[in-house]
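Under the working numbering, think of the first position of the sequence shown as 183, with each following residue one higher.
Glycine included, C-beta positions come from ideal geometry on N, C-alpha and C.
Here the structure is a predicted model, which is why all the values come from computation and not from measurement.
The block underneath contains the structure these notes are about, expressed in structure tokens.
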Amino acid sequence: MSIIKQPLLYVGSQGEKHLYTLFDSGANLSCINPEHVPDLAHLENLGRVRRVATAAVGHYIEIKYRVILDFYLEDVLLSDEFLVVPDLSEEAIIGAATMQKWRIKLERSAVAVRT
């Protein structure tokens with residue numbers, strides 16, 4: 183599992199904002215902290231609430247919303263869906279599915295987009 187953290191510019195229908203982003207190959211999906219969503223995009227209902235297990239035994243987080251955001255990595259425009267996760271400890275997380283989709287490679291202390 184690889185983890186790297188760096189600031190990225192996010193752009194949505196409501197505006198843009200730099201967020202410190204954790205690139206986490208151990209996380210499947212990309213997530214964003216709800217406190218940053220009003221500056222970026224409108225919430226979109228998931229339809230069905232997702233119950234996601236946490237590290238604590240028997241504890242789940244209910245995820246009800248998502249947002250679609252563009253983000254820039256090495257001046258390359260990328261876009262994906264971000265789950266809005268209550269009490270997320272990071273500003274944003276790029277998960278493995280997004281990294282695979284956009285061919286993002288983690289190398290020691292750097293992040294690169296493969297072309």
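Alpha carbon to alpha carbon, how far is residue j from residue i? Give it in angstroms, no decimals.
i, j, result
"Val193", "Lys199", "7 Å"
"Phe264", "Ile250", "6 Å"
"Leu270", "Tyr202", "13 Å"
"Arg290", "Leu260", "22 Å"
"Tyr247", "Glu272", "17 Å"
"Gly208", "Val266", "18 Å"
"Ser212", "Gly240", "23 Å"
"Ala223", "Arg233", "23 Å"
"Arg285", "Leu255", "12 Å"
"Glu306", "Leu191", "Past the boundaries of the shown model lies residue 306; the chain is included only from 183 to 297, so the question cannot be answered."
Taking the alpha carbon of residue i as the point to measure from, which residue in the options has its own alpha carbon closest?
i, options, result
"Tyr231", "Ile243, Pro189, Ala237, Val239", "The question names Tyr, but residue 231 is Val in the sequence shown. Comparing Cα-Cα distances from Val231 to each of Ile243, Pro189, Ala237, Val239, the minimum goes to Ile243."
"Ile275", "Ile185, Gln188, Phe205", "Phe205"
"Glu227", "Trp284, Ile245, Glu217, Ile286", "It should be noted that the sequence gives Asn, not Glu, for residue 227. Here the closest residue by C-alpha is Ile245."
"Pro220", "Thr236, Arg233, Ala235, Ser195", "Ser195"
Look up residue i in the DSSP assignment and give the residues it is bridged to.
i, result
"Val193", "Glu198, Asp252"
Mind reading off the beta-carbon distance from residue i to residue j? Whole number of angstroms is fine, and I expect it under 8 Å.
i, j, result
"Ala278", "Asn210", "6 Å"
Taking the Cβ atom as the reference point for each residue, do residue i and residue j lie within a distance shorter than 7 Å?
i, j, result
"Thr280", "Asp262", "yes"
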